[in-house]
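Numbering (full-length UniProt numbering), first residue to last: 1 to 385.
Structure first, commentary second.
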């Protein structure tokens, strides 16, 4: 038995659910801000976990869309009018893009594997042994100096506590790494499913858009569907501007890291610098990667003081990136003033931590656009009155 759809009751139900959700959220924020934040983060975490393949596919499709459009135009320019009329999808452009992406990934993996040859690993192991022996000599010298000044008893307690804490931290780190292996496998599987689904989203873009438009017209009406389509178009433009800005920032930081590490004399400094620069696509993550890899590489080199120079250089470059490069480069791409970029990073990072930092700039740009659109509407109404 087919039940008739009553559009009026559907709209009423939608507004009731939306209003109840907003009231619950506002009540949680008013009475307990930290609890509201935890509920939001936990809900978002569960949603991301369940719909991870879908989000992977949408994210991959959004990132690769400009490349697919470029290669599809490149392909269709070489076709006759009759051949163009037969083209019903963008499989050629999508296929070329996928071949290029996987080719670049394969080249990067081969480059890393080649750079870490057997001789290099043996040298690294020897350097690690030398550093361990040198650290032992430093500890013996420190013990003698402390005994000379009568501070050995206090130092022993401090050292014992420090060793215990370090051992516990290492043990926790190993356990977390072991627990993260299944999660990493799950994310790899989600990424593989996402790439497969994104291929069809990209190849059948026009058909997907037409289908979603028809569904929206039936359930929401043409007016609301047009507004929703405009909203997602604006979100897409902001996100693509943000990603382009982040890529430029990553390239600049990669060049700065690589050049600085090469001047200091860090082993594999150029490779570490480039990898750290592109890790900077995630705010502050690139600096952490650069610090860890460069300092360890400097400690295992013939001159351990290079690790100190590398740490100082990374701190200075990170300040330059946060205060100058990101506000100007990324902010200009999303049409957000540098001051608003810094304010967005501070506010969203303070409320939502890592994820807040990751999405702070595009969210700030969308809020700015919403505010100015609301302001223009109010101004127009006032002028009409």
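C-beta atoms are modelled at their ideal positions from N, C-alpha and C, and glycine is treated no differently.
Bear in mind that the values here come from a model prediction, so they are computed numbers and not experimental data.
| Asked | Found |
| --- | --- |
| Can you give the Cα-Cα distance for residue 56 and residue 260, rounded to whole angstroms? | 35 Å |
| Measure from the C-beta of residue 92 to each C-beta in chain B and report whether the shortest distance is under 8 Å. | No chain B is present in this structure, which holds just one protein chain. |
| Need the endpoints of the alpha helix (DSSP H) that residue 204 sits in, please. | Looking at the DSSP string, residue 204 is not in any alpha helix (DSSP H), and its letter there is neither H nor E. |
| Pick helix, strand or coil for residue 3, following the three-state DSSP scheme. | Annotation note: pLDDT 46 at residue 3 (below 50); position unreliable, no value reported. |
| For residue 315, which of 289, 335, 331 has the nearest alpha-carbon? | 289 |
| Please list the terminal residues of the continuous alpha helix (DSSP H) segment that includes residue 352. | 338-384 |
| Might you give, ordered along the chain, the residues of its own chain that have their beta carbon closer than 6 Å to the beta carbon of residue 356, omitting 5 neighbours on each side? | 348, 349 |
| Out of 307, 240, 318, 256, which has the shortest C-alpha to C-alpha gap to residue 59? | 240 |
| Runs of 4 residues minimum, wholly inside the region 276-312: which ones carry the alpha helix (DSSP H) assignment? | 285-299 |
| Please report the distance separating the alpha-carbon of residue 222 from that of residue 91. | 30 Å |
| Count the other CB atoms, across all protein chains shown, that sit within 10 Å of the CB of residue 118; report buried if there are 16 or more and exposed otherwise. | Caution applies to residue 118, whose pLDDT of 48 falls short of 50 and renders its modelled position unreliable; the model cannot decide the point. |
| Sorted by chain position, which residues of the same chain lie with C-beta nearer than 7 Å to residue 72's C-beta, five sequence neighbours on each side aside? | 90, 92, 93 |
| Going by Cα to Cα distance, which pick from 361, 199, 339 is closest to residue 67? | 199 |
| Have a look at residue 262 and residue 376 and give me their C-alpha separation to the nearest angstrom. | 52 Å |
| Does residue 293 pass the burial test, meaning 16 or more other C-beta atoms within 10 Å, or should it be called exposed? | buried |
| If the criterion is Cβ atoms closer than 8 Å, does the pair residue 101 and residue 242 meet it? | no |
| Are the CB atoms of residue 329 and residue 238 nearer to each other than 8 Å? | no |
| Inspect the CB distances between the region 303-320 and the region 218-235 and report whether three or more fall short of 8 Å. | no |
| Is residue 50 helix, strand or coil when you go by DSSP? | helix |
| I want to know whether the region 295-305 touches the region 330-348 - three or more CB-CB distances under 8 Å. | no |
| Looking at the unbroken alpha helix (DSSP H) that takes in residue 236, where does it start and where does it end? | 222-264 |
| Starting from residue 88, trace the alpha helix (DSSP H) both ways and give me its first and last residue. | Neither: residue 88 is in no alpha helix (DSSP H) and is coded neither H nor E. |
| Apart from the five residues on each side of it in sequence, which residues of its chain come closer than 7 Å, Cβ to Cβ, to residue 264? | 306, 309, 310, 313 |
| Does DSSP classify residue 43 as helix, strand or coil? | helix |
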